[in-house]
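Taking it in order: structure first as structure tokens, then the write-up.
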Amino acid sequence: MRGHIPRSRTQFYEFEYRAVHDDRSPGHLDHPECKFPDFPPPATQKRTQNIITGVIWFGLILLGSLLAVNVVITVLLAVRVDNDGFDSNKPEYALYKNTIFKDCYNRALPTITHDCSAIMARLQETKSDYGFFSKPYLSQSNYLDTNRTAYDWCDIMSCLNGFKIIPSKPRSSAFWPTTLDVWNKSGITFLLAFWQLHKLHRARWRKENTPCKEMEWDTWIILAWDVASFIWWCVGLGRFALAPALHPMPSMLGWVSTWKNSYMIQYHPYGCILRHSPNRLRVAKWTLITLATLQWIGGVYIAINTAKPGLARSSYYPAYECLASQISEAPGVSTCSADQICSKVTMFGSVRFDFPNQFIQGFTSFIGLFAALSGVAIMRGCTIGMFPLIAYMFKGATVAKWRKKASKYDFGFSGSVCMASGGSAIIGAVTVAEALGAFGRDRVGPVVLHWDCNVVHVNVSPWRYYLDVDYALPLRIAKMWFNS
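This note's numbering numbers the first residue of the sequence shown as 6 and each following residue consecutively.
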């Protein structure tokens, strides 16, 4: 009988409860039957098909357009910037990095009209040995009336004249995750997932007597991207775990691509290839589920290690290498020796810097996406995994029966992609708006002071999302386009 499935395969697909078979080509038994997710459910009306197609293409165009704008902005920020006087190969770069600290520090005394005593008192309010300045202005309250005096970044740096400037070299861990970085990783991940959703939808509604295509060239490209991202992520996590002061954290969203593939492998086109090997398909699926779970645990570890310094505004490890041999020739006077200065780890942490009108921070958007996607994954896992088992233990029947009932409340791959892409698109739109404002920023950045030693350390400025910094720039840009 045409379209008949042997009992053994039926039992397997009963375990994989989401089997939806395409019976519109019964005359082509030499071609594999396609297997599709049951959400969105098959539509019998052309209008419904067109609506689903329109939603998918809207998502593709929206994500693609935002990514295209992001590419243009990234190129402009990296290329169209005047770096004259900020050559990273010159000795001065170790002192001032990519900031205008030198001009402010050397400002002539007659031109200084602000009250440096009030500024220094404001900076020392924390009563700590260290002082951190991580914004482009400082407001000073006037307790006699409601007015507030505002000092810009250069005014404040001019009051540090006489402090010994510590020369240093940034490490890979010195660069905070930016919104451009977060959006690129999430945007490309969900754009490729949306394209796979488009392929599923198109294959489901293929014309009668049209053979089911298996792996096409674009599917191979997406698979290669997923594999490359996974390998890069594993290497990055290992390097960070072994030496967090030397290497940056990998993406906390690395598990998303593996989780996607653990779901997709049972459907077209992967299911077509493994249709005669149900055991291999089961092993492949559970291997991917295990890897995705391990990656998610790694993502929790990364999220914790991102949130802690993010809330503290500074990393807990030295992200800059102290150049002790150059301290004696650096401007300013210190009461501490070079060895004493370099031994103060807190001086060389990477400090978070906030610009005005910065809607979201890179680390907060990363953690927000991670938390939201984790919630989606856990909710789906409970719906199709835990609920059937609990219902079986208390209500009887079979696990397969309860799994089929649970499937009615499962929004599946399509719903997950749409929700995640919607959140990612919001972050993308905010990122584009914020990045356009970056063209009007000044070369200002975070600084760290030690009051007893009378020293100051200048961090790299994120005024151009670190894209004007030569240090490992090609590698950092390449990594922006992989979920690693």
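For every residue, glycine included, the Cβ atom is placed at its ideal position computed from N, Cα and C.
Inset, instruction - Give the range of the beta strand (DSSP E) segment to which V460 is assigned. - result: V460 to V463
Legend entry - DSSP-derived helix/strand/coil call for I170: strand
Inset, instruction - Indicate whether G243 and N488 have their beta-carbon atoms separated by less than 8 Å. - result: no
Inset, instruction - Taking S419 as the reference, give the member of H206, L72, S333 and F137 with the closest Cα. - result: H206
Legend entry - Nonlocal neighbours in the same chain, by C-beta distance under 7 Å from W181, ignoring five residues either side: S355, R357, G367, F368 and P467
Inset, instruction - Tell me, please, which residues DSSP counts as bridged to A155. - result: S144
Legend entry - Nearest-angstrom Cα separation, counted from Y110 out to T292: 58 Å
Legend entry - G304, enclosing alpha helix (DSSP H) - first and last residue: P283 to A317
Inset, instruction - Quick one: measure Cβ to Cβ for I61 and F199, integer angstroms, because I've assumed they're closer than 8 Å. - result: 7 Å
Legend entry - Reference R176, options S333, W456 and S320, closest by Cα: S320
Legend entry - Separation of F360 from C458, as counted between CA atoms: 29 Å
Inset, instruction - With DSSP as the reference, please indicate the residues paired to F368 in a beta bridge. - result: According to DSSP, F368 bridges with nothing at all.
Legend entry - Cβ-Cβ separation, F375 to A308 (assumed contact under 8 Å), whole Å: 5 Å
Inset, instruction - Look at F353 and S173 and say whether their C-beta atoms are less than 8 Å apart. - result: yes
Inset, instruction - Output the distance between the C-alpha atoms of A377 and G192, rounded to the nearest integer angstrom. - result: 15 Å
Legend entry - Of the listed residues M485, K484, W486 and Y471, nearest to V84 (C-alpha basis): Y471
Legend entry - Backbone CA spacing between R446 and S256 [nearest angstrom]: 27 Å
Inset, instruction - Answer with buried or exposed for Q129, where buried requires no fewer than 16 other C-beta atoms within 10 angstroms of its C-beta. - result: exposed
Inset, instruction - For W1, count neighbouring C-beta atoms within 10 Å of its own C-beta (all shown protein chains included) and say buried if the count is 16 or more, exposed if not. - result: A query on residue 1 cannot be resolved here, the shown segment of the chain reaching from 6 to 489 and no further.
Inset, instruction - Look up L567 in the DSSP assignment and give the residues it is bridged to. - result: Within the shown structure, residues of the chain are numbered from 6 to 489, placing residue 567 beyond reach of any answer.
Legend entry - CA-to-CA distance, T79 to M384, given in whole angstroms: 36 Å
Inset, instruction - Assign Y142 to buried or exposed, taking buried as 16 or more other Cβ atoms, counted over all protein chains shown, within 10 Å of its Cβ. - result: exposed
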